[in-house]
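Engineer: I'd like to ask some things about the structure below.
2 protein chains.
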Amino acid sequence: MPQAPSKAGSATADEIRQAALEQFAQSGYDASSMRDIAASVGIKAASLYNHFDSKEEILWDVTRSAMSDLAANRDEALARLGPGAGPRAQLAAFVSAHVGFHAERRHQAVLVNSQLGSLSQSHRRKAVALRDEYENSLRMIIDAGVASGEFNVFDAQVATLAILQMGTGVSVWFRPDGRLSIDQVGAQYVKLALAVVSQQVR
Amino acid sequence: MPQAPSKAGSATADEIRQAALEQFAQSGYDASSMRDIAASVGIKAASLYNHFDSKEEILWDVTRSAMSDLAANRDEALARLGPGAGPRAQLAAFVSAHVGFHAERRHQAVLVNSQLGSLSQSHRRKAVALRDEYENSLRMIIDAGVASGEFNVFDAQVATLAILQMGTGVSVWFRPDGRLSIDQVGAQYVKLALAVVSQQVR
DNA sequence: GTCTATATATCGATAGAC
DNA sequence: GTCTATCGATATATAGAC
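The following block contains the structure:
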């Protein structure tokens, strides 16, 4: 049964999303042609336009879903803690989820962190807003820990960015068949993050 | 007096390097056209070929000099310590130099960290070798600190990458007219790095 | 929904006058 | 060393047959 263009339920559209994601993450948006994407799905370039209006719409689709998945992954991890969890438990849950995502779904992570500049102005604004929300949710955990006296940081914003960026970097070097498992890497970075928010007052 | 093509001393070649660096760092290599680069220098695209053999040669030129400057910046910082410095002083000097470079020369830093994939295979191999040398020089400092008992890390390679990547991230958010000075940011990250290599044994 | 064929634009790079 | 003019390749996107 045929589907309307760009509908989420189309099997072909999902194949296009998957192929575009890998191409964009590996070679970059500009270096990935519609012909390449179509070829890896098994169709011709013109047929892509039955599913997406433009190449940029494909980029936005995969970018938005990647950022949505990242936030949902965080929400689930925090929800598992229950309402009474303190800042240390929240920070551990956030970092574990953050690093786990960047290891397990590194193609999506690399895409979000390297191809935002290729989005249209309108879509880029939305992506930046989603990124700011994600960043701010970590900032609020750190602020709560500082307020309760459980954390010590010289600058909460620097600590926020440092924790996020070292975790994001996992998507660059992690390999599924490497020396460390996802759980091992996640546990490592939880310890590193706790070290960052436990700075000596001196 | 005219210069031979691609010679380092040419004033026009330097203008091309500067213009290309900013274009590549801001818009990416593929999205930067030879016409754009030429226009910001005040010449036509064809005239660029009197100074560089190809667009990729320009990318390699600015990439190589950026990576060379980064390593030289590190060497100077370590040399200032003198021969008797211990791992803690070496780590502080490394991180201060690393973060200082990524704040002060963020265009060059962004270029190196985002456009390596657009280099030719031969040039990319050389760039990766330079990056590995840089990464390994930090790894050796951490290994020395672990061996002497001054550092405690769960995994030396993870600690190395975490320190490098959080410092590299400064090039993304730092603004010269922002809230923090380069020296303030450098001092912050020295403390964060020392926290990373002072993990509780538990 | 796929295909072939093509419109239209822009790219890197070259030729040759000055 | 700059320019104008242009080549040849490739890009996104569209038109219309099936």
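Each protein sequence line maps, in turn, to chains A and B. First residue of the first sequence? That's 1 in this note's numbering, and the numbers climb one at a time after it. First residue of the second sequence? That's 203 in this note's numbering, and the numbers climb one at a time after it. Quick reminder that beta carbons are idealized off the backbone N, C-alpha and C, glycines included. Predicted model only: the values in this text are computed from it and were never measured.
1) Can you name the residues of chain B whose CB is closer than 9 Å to the CB of Leu161 of chain A?
2) Answer yes or no: does any C-beta atom of chain A fall closer than 9 Å to that of Ala346 of chain B?
3) Give me the Cα-Cα distance between Ser339 of chain B and His300 of chain B, rounded to the nearest whole angstrom.
4) Taking Cβ-Cβ distances shorter than 8 Å, what residues in chain B pair up with Phe154 of chain A?
5) Does Gly117 of chain A get closer than 9 Å to chain B when you measure Cβ to Cβ?
6) Between which two residues does the alpha helix (DSSP H) carrying Ser122 of chain A extend?
7) Relative to the alpha-carbon of Ser234 of chain B, which residue among B:Glu258, B:Val399, B:Asp379, B:Gln359 has its alpha-carbon at the smallest distance?
8) Rounded to whole angstroms, what is the Cα-Cα separation between Val153 of chain A and Phe101 of chain A?
9) Please state whether DSSP places Ser203 of chain A in a helix, a strand or coil.
10) What separation, rounded to the nearest whole angstrom, lies between the Cα atoms of Val196 of chain A and Glu135 of chain A?
11) Is it a yes or a no for the stretch 115–126 of chain A touching the stretch 160–179 of chain A, going by three-plus beta-carbon pairs under 8 Å?
12) To the nearest angstrom, how far is the alpha carbon of Leu78 of chain A from that of Gly178 of chain A?
13) Among the residues of its own chain, which have a CB less than 7 Å from the CB of Met1 of chain A, if the five just before and after it don't count?
14) With 9 Å set as the bound, which would you pick, yes or no: does the beta-carbon of Val112 of chain A sit closer than that to a beta-carbon of chain B?
15) Can you pull the DSSP bridge partners for Asn354 of chain B?
16) Closer than 9 Å, CB to CB, is Val196 of chain A near chain B or not?
17) For the stretch 15–29 of chain A, list every residue whose C-beta sits within 9 Å of some C-beta in chain B, in sequence order.
18) State the Cα-Cα distance for the pair Ala92 of chain A and Ile245 of chain B, rounded to the nearest angstrom.
19) Return yes when the Cβ of Pro83 of chain A is within less than 9 Å of the Cβ of Glu150 of chain A, no when it is not.
20) Chain A partners of Val301 of chain B, CB-CB under 9 Å?
21) How long is the line joining the alpha carbons of Tyr189 of chain A and Ile141 of chain A, rounded to whole angstroms?
22) From this set, A:Ala45, A:Val41, A:Leu48, A:Leu111, which residue's C-alpha is nearest Val62 of chain A's C-alpha?
23) For Ser54 of chain A, name the three-state secondary structure that DSSP assigns.
24) Does DSSP put Ile37 of chain A in a helix, in a strand, or in coil?
25) Rounded to the nearest angstrom, what separates Leu272 of chain B and Ala311 of chain B at their Cα positions?
26) Can you tell which of B:Met269, B:Thr370, B:Ala291 has its C-alpha closest to the C-alpha of Ala305 of chain B?
27) Less than 9 Å between CB atoms is the rule here; does Gln310 of chain B satisfy it with respect to chain A?
28) So the candidates are A:Met166, A:His107, A:Gln18, A:Glu133; which of them puts its Cα closest to the Cα of Ala395 of chain B?
Structural biologist: Well, looking at it:
1) By 1-based counting over the first sequence, the position of residue 161 of chain A is 161. Near Leu161 of chain A (Cβ distances below 9 Å), the residues of chain B are Met368, Gly371, Val372, Val374, Trp375.
2) Taking the first residue of the second sequence as position 1, residue 346 of chain B is located at position 144. Cβ-Cβ to chain A under 9 Å: no for Ala346 of chain B.
3) Position 137 of the second sequence holds residue 339 of chain B. Position 98 of the second sequence holds residue 300 of chain B. Between the alpha carbons of Ser339 of chain B and His300 of chain B lies a distance of about 12 Å.
4) Here residue 154 of chain A is taken as the residue at index 154 of the first sequence, counted from 1. Within chain B, the residues whose beta carbon sits less than 8 Å from that of Phe154 of chain A are Gln390, Lys393, listed in sequence order.
5) As a first step, residue 117 of chain A is located in the first sequence; it is residue number 117 there, counting from the start. Yes, Gly117 of chain A counts as interfacial toward chain B.
6) Along the first sequence, one-based indexing puts residue 122 of chain A at 122. Unbroken alpha helix (DSSP H) run through Ser122 of chain A: 121–148.
7) The sequence position of residue 234 of chain B within the second sequence is 32, counting from 1. The residue with the shortest Cα to Cα distance from Ser234 of chain B is B:Glu258.
8) By one-based count along the first sequence, residue 153 of chain A stands at place 153. By one-based count along the first sequence, residue 101 of chain A stands at place 101. The straight-line gap from Cα to Cα measures roughly 26 Å.
9) One cannot answer for residue 203 of chain A here, as it falls past the ends of chain A, which runs 1 to 202.
10) Here residue 196 of chain A refers to the residue found at position 196 of the first sequence. Here residue 135 of chain A refers to the residue found at position 135 of the first sequence. Rounded to whole angstroms, Val196 of chain A to Glu135 of chain A spans 16 Å at the Cα level.
11) no
12) Position 78 of the first sequence, counting from 1, holds the residue named residue 78 of chain A. Position 178 of the first sequence, counting from 1, holds the residue named residue 178 of chain A. Those two C-alpha atoms are separated by around 28 Å.
13) Here residue 1 of chain A corresponds to residue number 1 of the first sequence, with the count starting at 1. Caution applies to Met1 of chain A, whose pLDDT of 41 falls short of 50 and renders its modelled position unreliable; the value that the coordinates give is listed next. Taken in chain order, the list of residues that qualify is empty.
14) As a first step, residue 112 of chain A is located in the first sequence; it is residue number 112 there, counting from the start. Cβ-Cβ to chain B under 9 Å: no for Val112 of chain A.
15) For the purposes of this step, residue 354 of chain B is taken as residue 152 along the second sequence, with counting starting at 1. Partner(s): B:Ser400.
16) Indexing the first sequence from 1 puts residue 196 of chain A at position 196. Closer than 9 Å: yes.
17) Gln26, Ser27, Gly28, Tyr29
18) On the first sequence, residue 92 of chain A is found 92 positions in, with the first residue counted as 1. On the second sequence, residue 245 of chain B is found 43 positions in, with the first residue counted as 1. So the two alpha carbons sit approximately 55 Å from each other.
19) As a position in the first sequence, residue 150 of chain A is number 150, starting the count at 1. As a position in the first sequence, residue 83 of chain A is number 83, starting the count at 1. No, Cβ-Cβ distance for Glu150 of chain A and Pro83 of chain A is not below 9 Å.
20) The residue labelled residue 301 of chain B in the question sits at position 99 within the second sequence. The contacting residues do not exist; Val301 of chain B stays about 10 Å from chain A at best.
21) As a working mapping, residue 189 of chain A is identified with position 189 in the first sequence. As a working mapping, residue 141 of chain A is identified with position 141 in the first sequence. When rounded, the distance between both Cα atoms is 16 Å.
22) Looking up residue 62 of chain A in the first sequence gives position 62. Among A:Ala45, A:Val41, A:Leu48, A:Leu111, the Cα nearest to that of Val62 of chain A belongs to A:Leu111.
23) Residue mapping note: residue 54 of chain A aligns to position 54 of the first sequence, counting from 1. Three-state DSSP puts Ser54 of chain A in coil, outside helix and strand.
24) For this step, residue 37 of chain A is matched to residue 37 along the first sequence. Reduced to three states, the DSSP call for Ile37 of chain A is helix.
25) Position 70 of the second sequence, counted from the start, is the residue given in the question as residue 272 of chain B. Position 109 of the second sequence, counted from the start, is the residue given in the question as residue 311 of chain B. Distance between the alpha carbons of Leu272 of chain B and Ala311 of chain B: 9 Å.
26) Taking the first residue of the second sequence as position 1, residue 305 of chain B is located at position 103. Comparing Cα-Cα distances from Ala305 of chain B to each of B:Met269, B:Thr370, B:Ala291, the minimum goes to B:Thr370.
27) As a first step, residue 310 of chain B must be located in the second sequence, where it is residue number 108. Using a Cβ-Cβ cut-off of 9 Å, Gln310 of chain B does not count as an interface residue toward chain A, since no Cβ of chain A sits closer than that to its own.
28) Here residue 395 of chain B refers to the residue found at position 193 of the second sequence. Selected option, being the one with the closest Cα: A:Met166.
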